[in-house]
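Novice: Below you'll find the structure I mean.
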Ligand SMILES: [Zn+2]
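Residue numbers (this note's numbering): 1 to 514.
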């Protein structure tokens, strides 16, 4: 997903970059692989991961032979079958799918646009996910702007949008923080359709497209659908519309957008396979990426690369012949792009064994090399994990912090008080490939993917195999306090996902009178 929240995440990263001090109750200094007995197994796994890895082969099949795989569509079902078959061929145990439903299915049809005045040419547009259609023959209208930074008052004046095409702009200073504006944008879209707006030009988070002549699709909330067509437009076309409007002209445009919703929920499934633990098979580390994608291209970097890295990690461990103390459960999640639906479904389906979970390790940051591990809120584990990460310094992946990543399947684990570990990647080109027509196999370098798969295998095996249990869930009060401190409360509250009520409120800070 990783939509509008990127900026917020950067803030959180800065706050936590200093890491956590050693707690006074740590009786013994944390041990790395050199001291805790895991090194011989890890060096074998590293060798298998870097030599003759099939990770890029997995990614090629997923990208070229299956391609774009929107949750609940036939292509996504095919990806589930493919993922299960790969897990079996790698030799994982207990391979199966875990079905669940998402609220509604959606299929992209076509999106055509044209500017009719003051000049005439084709407009490059694509529909945002889970948004609606124009009449079958299309519709034309004058372009008017709404200010995303003052979207609350735009909702009040929505009747002026009847018969108009709405262009989302940002003027002045934001009236609220970005998360709340994005949540209110959903309310605006809900009002704009019935008010008679023809279409809304506003891409990810209501913002403009990045890159040359690219559009970027995506969802506009958690499990959010809108009857009004919402379009991502190339920056060049949108810029021209803005310049005409700034000169006091009224551009006239025509759109024909056709998408299909299902009437009710649609079935999908997470794909699961395990390496069972040799001593504590009931204790589980989840390792995964998401299998679903958007559909303007092949879904390579979001998140075919993560799915392939997960399978590559499983393969490296299986080939090494090493069995960890505890179970590593590989999960290819679906429904991530619609609102982390697969990982939330996993938490529900495995609620009774959550106390036995050690955490999750997820990769979903595009095509670049993994550089750091974000421990998903668990500041107590930074010093525990650091000696392991130090052994990866020559691979450039030794940075550790406690940041929560809310834009992917790590979030539900962090909300359960577990380390939802995100492998932080350096992917400068991701802003172009993210949800766009450029998200194809060309974007992924095979050597980078093999290294990411190897790093994932090493981290997974070390966590699962070290003599002491890596982590147990925090109680809700401590989790709530951590999520507030990391500024996750605002987003979760805005999207009705905050489950903790008043837990974790800092009495002194929040009620200075008391
Ligand atoms: Zn993703």
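Even for Gly, the Cβ is constructed at its ideal location relative to N, Cα and C.
1. Measure the C-alpha to C-alpha separation of residue 386 and residue 378 and round it to an integer number of angstroms.
2. Relative to the alpha-carbon of residue 255, which residue among 469, 485, 203 and 133 has its alpha-carbon at the smallest distance?
3. According to the neighbour-count rule (16 or more other Cβ atoms, all chains shown, within 10 Å of its Cβ), is residue 22 buried or exposed?
4. Nearest to residue 560 by alpha carbon, out of 454, 438, 95 and 354?
5. Cβ atoms of residue 366 and residue 420: under 8 Å apart, would you say?
6. Is it the case that the Cβ atoms of residue 252 and residue 140 are separated by a distance below 8 Å?
7. If you measure from each CB to the nearest heavy atom of ligand 1 and keep those under 5 Å, what residues do you get, in chain order?
8. Compute the beta-carbon to beta-carbon distance between residue 154 and residue 188, rounded to the nearest angstrom, for a pair I have assumed lies under 8 Å.
9. Could you pull the DSSP bridge partners for residue 258 from this structure?
10. Under 8 Å: do the stretch 387-406 and the stretch 30-38 share three or more Cβ pairs, one atom per stretch?
11. Exposed or buried, which one is residue 186 when buried takes at least 16 other CB atoms within 10 Å?
12. Have a look at the DSSP bridge pairing and note the partners of residue 348.
13. Please confirm whether residue 104 and residue 261 have their CB atoms less than 8 Å apart.
14. Check this for me: beta carbons of residue 406 and residue 491, under 8 Å apart or not?
15. Using a 10 Å radius around the Cβ and a threshold of 16 neighbouring Cβ atoms, would you call residue 125 buried or exposed?
16. Starting from residue 147 and walking both ways along the beta strand (DSSP E), at which residues does that stretch end?
17. Which whole runs of the alpha helix (DSSP H) in the stretch 422-475 are 4 residues long or more, in chain order?
18. Among the candidates 82, 433, 477 and 266, whose CA atom is the shortest distance from the CA of residue 417?
19. Quick one: is residue 156 buried, meaning 16 or more other Cβ sit within 10 Å of its Cβ, or exposed?
20. Any contact of the stretch 427-437 with the stretch 241-252, i.e. 3+ C-beta pairs under 8 Å?
21. State yes or no: is the C-beta of residue 333 within less than 8 Å of the C-beta of residue 290?
22. Quick one: what's got a C-beta closer than 8 Å to residue 120's C-beta in the same chain, skipping five residues either side?
23. If residue 312 sits next to residue 373, beta carbons under 8 Å apart, how far is it from one beta carbon to the other, in whole angstroms?
24. With respect to the beta strand (DSSP E) encompassing residue 282, which residues constitute its N-terminal and C-terminal limits?
25. Considering only DSSP beta bridges, list what residue 516 is partnered with.
26. Below 8 Å on the Cβ atoms is my guess for residue 165 versus residue 201; work out the distance and round it to an integer in Å.
27. Return helix, strand or coil for residue 327, following the three-state DSSP convention.
28. Which runs of the beta strand (DSSP E) spanning at least 3 residues fall entirely within the stretch 28-116, listed in chain order?
29. Just to confirm the assignment, what range does the beta strand (DSSP E) spanning residue 359 have?
30. For residue 270, list the residues DSSP reports as bridge partners.
31. Count the other CB atoms within 10 Å of the CB of residue 118; is the residue buried (16 or more) or exposed (fewer)?
32. List the DSSP bridge partners of residue 420.
33. What does the alpha-carbon distance come out to for the pair residue 274 and residue 266?
Specialist: Let me lay it out:
1. Counting from 1 along the chain shown, the entry for residue 386 is found at position 386. Counting from 1 along the chain shown, the entry for residue 378 is found at position 378. Cα to Cα, the separation comes out at about 13 Å.
2. Position 255 of the chain shown, counted from the start, is the residue given in the question as residue 255. Measuring from the Cα of residue 255, the nearest candidate turns out to be 133.
3. Along the chain shown, one-based indexing puts residue 22 at 22. The pLDDT assigned to residue 22 is 45, lower than 50, so where the model puts this residue is not dependable, and the model offers no usable value.
4. Residue 560 is absent from the model: the chain starts at 1 and stops at 514.
5. Start at 1 with the first residue of the chain shown, and residue 420 comes out as number 420. Start at 1 with the first residue of the chain shown, and residue 366 comes out as number 366. For residue 420 and residue 366, no; Cβs fall outside 8 Å.
6. What you label residue 252 is simply residue 252 of the chain shown in a count that begins at 1. What you label residue 140 is simply residue 140 of the chain shown in a count that begins at 1. The answer is yes: Cβ separation under 8 Å.
7. 302, 303 and 364
8. Within the chain shown, residue 154 is the residue found at index 154, counting from 1. Within the chain shown, residue 188 is the residue found at index 188, counting from 1. Between residue 188 and residue 154 the Cβ distance is about 6 Å, and since that is below 8 Å, they are a contact.
9. The count along the chain shown starts at 1 and reaches residue 258 at position 258. 110, per the DSSP bridge assignment.
10. yes
11. Indexing the chain shown from 1 puts residue 186 at position 186. Residue 186 comes out buried.
12. Position 348 of the chain shown, counting from 1, holds the residue named residue 348. Residue 348 pairs with nothing; no bridge assigned.
13. If you number the chain shown from 1, residue 104 lands on position 104. If you number the chain shown from 1, residue 261 lands on position 261. Cβ atoms of residue 104 and residue 261: closer than 8 Å.
14. Your numbering for residue 406 matches position 406 in the chain shown. Your numbering for residue 491 matches position 491 in the chain shown. Taking 8 Å as the Cβ cut-off, residue 406 and residue 491 qualify as a contacting pair.
15. Indexing the chain shown from 1 puts residue 125 at position 125. Result: buried.
16. Taking the chain shown and counting its residues from 1, one reaches residue 147 at position 147. From DSSP, the beta strand (DSSP E) with residue 147 extends over 139-147.
17. 430-433 and 446-465
18. For the purposes of this step, residue 417 is taken as the residue at position 417 of the chain shown. Measuring from the Cα of residue 417, the nearest candidate turns out to be 477.
19. Position 156 of the chain shown holds residue 156. Per the 10 Å Cβ criterion, exposed.
20. no
21. Working through the chain shown from its first residue, we reach residue 333 at position 333. Working through the chain shown from its first residue, we reach residue 290 at position 290. The answer is yes: Cβ separation under 8 Å.
22. To locate residue 120, count along the chain shown from 1; it is residue 120. Once the five neighbours on either side are set aside, the close Cβ partners of residue 120 are 114.
23. Taking the chain shown and counting its residues from 1, one reaches residue 312 at position 312. Taking the chain shown and counting its residues from 1, one reaches residue 373 at position 373. Not a contact, Cβ separation roughly 18 Å.
24. Along the chain shown, one-based indexing puts residue 282 at 282. 280-290 is the extent of the beta strand (DSSP E) around residue 282.
25. Here the chain comprises residues numbered 1 to 514, so residue 516 is not present and cannot be evaluated.
26. What you label residue 165 is simply residue 165 of the chain shown in a count that begins at 1. What you label residue 201 is simply residue 201 of the chain shown in a count that begins at 1. Confirmed, about 7 Å.
27. Here residue 327 is taken as the residue at index 327 of the chain shown, counted from 1. DSSP places residue 327 in strand when its eight states are reduced to three.
28. 93-102
29. Numbered from its first residue, the chain shown carries residue 359 at position 359. Note, residue 359: beta strand (DSSP E), 357-362.
30. Numbered from its first residue, the chain shown carries residue 270 at position 270. DSSP output for residue 270 lists 98 as bridge partner(s).
31. Within the chain shown, numbered from 1, the residue matching residue 118 stands at position 118. So residue 118 counts as exposed.
32. What you label residue 420 is simply residue 420 of the chain shown in a count that begins at 1. Bridge partners of residue 420: 360.
33. Here residue 274 refers to the residue found at position 274 of the chain shown. Here residue 266 refers to the residue found at position 266 of the chain shown. Between residue 274 and residue 266, the C-alpha separation is close to 27 Å.
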